[in-house]
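Chemist: Next up is a structure, given as structure tokens.
Residue numbers (our numbering): 168 to 577.
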């Protein structure tokens, strides 16, 4: 193998790993952690079905979106505009607004994380974390720094969560039974958890990262598919382990406070499982999840701005990203909503956005092979996509009221 070929292989591998972890850390952000703790406290082992549903939906959505984005060599909004003129602008506005909602929640999560880790006031913790994220984007080596930070913090999150899952000693048999045959099904919780793991900007995070690194076209399709499957496996495993960690605490009889301004449900669960050490571990996990999600949400949301300004430079995008984070911070500081409630709403809102983008992409897969260099898209994947699309529309319609009610948590 020549040096040039070796360099290409190494670059492609690093871009695929970065895309996997960008998707995984975005999908296991502070919203998902808080949502899992809240819903597990309310539903117990029955919430396992919601976790399974989110993983299955994630599988279909990510596989289709990653493949179509890299095959068309276009960003999601540009794909949408080519397929249905004008729809890309709508998608961009929704994703950018949904990303802003998410990022306010991510900054709130960073504040909750530093509060649990260091005892720092949540507003101060959120502010300092947002400034750190802005500093990363202002760096001349922003791309490399983002890739490395996300991979390292992703591995830390996984390791620490596995430790707490063992410490809490969950009822594994009951959890597995309820995963397939739940006592109850709550569509609002499933829509929220789906939105928190694959809704809004998260749908496109890994795909746009691959696009920016040049991993596109039919020649890279097999590698892209493997990376998408790898990312889904990492996130699915992490979600279930986190659920088990909190279920062990709930099953032991510990009552978790899921309401009120100071409520931090996941922190209570980790503290109950492993004392003060568990609380500090949780703080680090939540902060790592939050700071990577702040970066992922800002990076991906601003990547949609190119549909309005195609000639924007990378430096210009980085500046726009810092403004986006600063605006998120300002809204976080001004809002009086409890951070935990904000994280629930962010996931739910982005779950409402999900079916719009998915509908466009499934249409491209069925009818617009011309946008994919004539590639004949696998029909089995499109059938799964169409069924998932109908399911997400149904769940969104059923869940609008309960999702907006999250903002009314006192």
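Glycine included, every Cβ here is placed at the ideal spot set by N, Cα and C.
(1) Does DSSP classify residue 405 as helix, strand or coil?
(2) Under the three-state reduction of DSSP, which class applies to residue 239: helix, strand or coil?
(3) Hey, could you find the ends of the alpha helix (DSSP H) residue 256 is sitting in?
(4) Report yes if the C-beta distance between residue 424 and residue 438 is below 9 Å; otherwise report no.
(5) Would residue 272 be called buried (16 or more neighbouring beta carbons within 10 Å of its own) or exposed?
(6) Less than 9 Å between the beta carbons of residue 542 and residue 391, yes or no?
(7) Apart from the five residues on each side of it in sequence, which residues of its chain come closer than 6 Å, Cβ to Cβ, to residue 335?
(8) Quick check on residue 400: does DSSP put it in helix, strand or coil?
(9) Verify whether the separation of the beta carbon atoms of residue 458 and residue 332 is less than 9 Å.
(10) Thinking residue 236 and residue 228 are a contact (beta carbons under 8 Å), I'd like their distance in whole angstroms, please.
(11) What separation, rounded to the nearest whole angstrom, lies between the Cα atoms of residue 478 and residue 487?
(12) Where are the beta strand (DSSP E) runs, 3 residues long or more, that stay fully inside the stretch 202–252, in chain order?
(13) Quick check on DSSP: helix, strand or coil for residue 502?
(14) What three-state label does DSSP hand residue 570 in the structure shown?
(15) Measuring alpha carbon to alpha carbon, tell me which of 200, 471 and 207 ends up nearest residue 351.
(16) Do you know offhand how far residue 490's Cα is from residue 455's?
Modeler: Let's see:
(1) Residue 405: helix per DSSP, three-state reduction.
(2) Residue 239: helix per DSSP, three-state reduction.
(3) Residue 256 -> alpha helix (DSSP H) spans 254–285.
(4) No, these two residues do not count as a Cβ contact at 9 Å.
(5) Result: buried.
(6) With a cutoff of 9 Å on beta-carbon distance, residue 542 and residue 391 are scored as not near each other.
(7) Answer for residue 335: 412, 415, 416 and 440, listed in chain order.
(8) Correct three-state label for residue 400: helix.
(9) Result no, Cβ atoms of residue 458 and residue 332 do not sit closer than 9 Å.
(10) Not a contact, Cβ separation roughly 12 Å.
(11) The straight-line gap from Cα to Cα measures roughly 14 Å.
(12) Counting only runs of 3+ residues, no beta strand (DSSP E) is found wholly inside the stretch 202–252.
(13) If DSSP states are grouped into helix, strand and coil, residue 502 belongs with coil.
(14) Helix, per DSSP.
(15) Nearest C-alpha to residue 351: 207.
(16) Residue 490 and residue 455: Cα-Cα distance of roughly 22 Å.
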